[in-house]
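I have placed the structure first, in the form of structure tokens, so that the comments after it can refer back to it.
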Amino acid sequence: MHHAPAAPRTSAGVRRLLPSMAGLLVAFSVLTALAVGALYVLADRTDRLFAWTIAPPLTAAFLGAGYAAGCVLVVLSLRDPVWAHSRVPVLTILVFVVATLAATVLHLDRFHLAAEFADRPWTAQAAAWFWLAVYVVVPVAMVVLLVPQERAPGADPPRRHPVPPVLRVALAVESAVLLAVGGALFAAPSTATALWPWPLTPLTARVVAAWLLAFGLATALAALAGDLQRLRTAAVAYTVFGVLVALAVLRYPGTVAWGEPAAWVLAVLTAAVVATGAAGWALAPAPRRRAA
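Below is the structure:
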């Protein structure tokens, strides 16, 4: 008679992703994959295929690199559904979608649903309406689902794999740079002329800033968590982001103002992102998938 209440607690074990949160992540993985195709692969065709026209194409490719990393984040979170390992990826995505919603509302007149873009193909106009729907629904859904997810039965597993001090310091420094640049670009897009090595419009500056803020938060949380297993998913995505940004710059080298200090700051930061991401990925133990 006494044992009945204790059974659920023991069986709960480690807190896992709820089906509702997993379903949202599946949807986000599909959306990010579509964005990678439209922005990274087809960077030169945003005037016909995307929600707004992005110029130069290097900016589209940079944003596409962010979406590719976001896709990796959610796919790996679904493959390792321990909530403690998915918390940083989910919070990273939440920061991005909230900041992007704010950028969308502030610059709605630049999207292909405005009257001045009535001559654009139906694909561009449909993409604009689709974008608007996604960035209204997803942030709200994530906030709503986070509450029951944090209250789900079970507990976080113990931290067994400490992050080496050198890696923690590197992540903290990168986080500070990403948050500072991202915060400046979002609050005052005109600072892009000094902080960014190629031209950005106010809208693209704020969406670029959304990715910088998201990854800045991810690196800060990874440094604070201090556990390699908890940062593994973010480390893989971080590596993907850095590699794809580097490839995008190699694809459009003439767009970058190499004579400006911002170009070399971005080059060093990209190399650091790849190095620290790869180090975290290599040092972290592979997840063990267990029966629910």
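Mapping the sequence shown onto my numbering, position 262 (from 1) lands on 286, and the numbers just tick up by one.
Built from N, CA and C at the ideal position, the CB exists for glycine as well.
Query: CB contact flag (L274, A92, <9 Å); Result: no
Query: Which listed residue (L137, E284, V98 and Y262) has its alpha carbon closest to that of T217; Result: E284
Query: Unbroken stretches of the alpha helix (DSSP H), 4 residues or longer, contained in the stretch 224-260; Result: 226-249
Query: Runs of alpha helix (DSSP H) lying entirely within the stretch 31-88, each at least 4 residues, in chain order; Result: 43-60 and 70-73
Query: Element boundaries [alpha helix (DSSP H), containing W107]; Result: W107 to L130
Query: Residues near A329 in its chain [Cβ-Cβ closer than 8 Å; skip 5 each side]; Result: The displayed coordinates of the chain run from 25 to 316. Any statement about residue 329 would go beyond what the structure contains.
Query: Closest Cα partner of A46 within the set R69, P172 and L209; Result: P172
Query: Same chain only: Cβ atoms within 6 Å of V162, ignoring 5 sequence neighbours per side; Result: V121
Query: Three-way DSSP call (helix, strand, coil) for P221 in this model; Result: coil
Query: Buried/exposed call for A200, threshold 16 Cβ in 10 Å; Result: exposed
Query: Stretch pair the stretch 71-78 + the stretch 147-159: three plus CB contacts closer than 8 Å; Result: yes
Query: Neighbourhood of A303 by C-beta, 7 Å cutoff - its chain only, sequence neighbours within 5 removed; Result: L191
Query: Buried/exposed call for L44, threshold 16 Cβ in 10 Å; Result: A small correction: the amino acid at residue 44 is Ser; Leu does not occupy that position in the sequence shown. Classification of S44: exposed, given that the 10 Å Cβ count is below 16.
Query: 8 Å contact criterion, which D251 and V298 should meet: CB distance rounded; Result: With a Cβ gap of about 22 Å, D251 and V298 do not count as contacting.
Query: For P213, three-class secondary structure by DSSP; Result: helix
Query: Same chain only: Cβ atoms within 7 Å of V96, ignoring 5 sequence neighbours per side; Result: V260, A261 and V264
Query: Extent of the continuous alpha helix (DSSP H) run through A308; Result: That residue, A308, is in no alpha helix (DSSP H); it is neither H nor E in DSSP.
Query: Straight-line Cα distance separating A89 from A272; Result: 8 Å
Query: Closest Cα partner of L87 within the set H136, V65 and A211; Result: V65
Query: P172, DSSP secondary structure in three states; Result: helix
Query: Cβ pair count under 8 Å reaching 3, the stretch 216-233 against the stretch 127-143; Result: yes
Query: Through-space distance from S110 to A287, alpha-carbon basis; Result: 33 Å
Query: Three-state secondary structure (DSSP) of P317; Result: This structure cannot settle anything about residue 317, because the visible part of the chain is limited to 25 through 316.
Query: Classification of E198 by the beta-carbon crowding that lies within 10 angstroms, buried from 16 upward; Result: buried
Query: Reference Y7; option with closest CA among L55, F141 and A281; Result: Only positions 25 to 316 of the chain appear in this structure, which leaves residue 7 out of reach.
Query: Residues bridged to A179 (per DSSP); Result: V38
Query: Own chain, CB closer than 8 Å to A150, minus 5 neighbours either side, in chain order; Result: none
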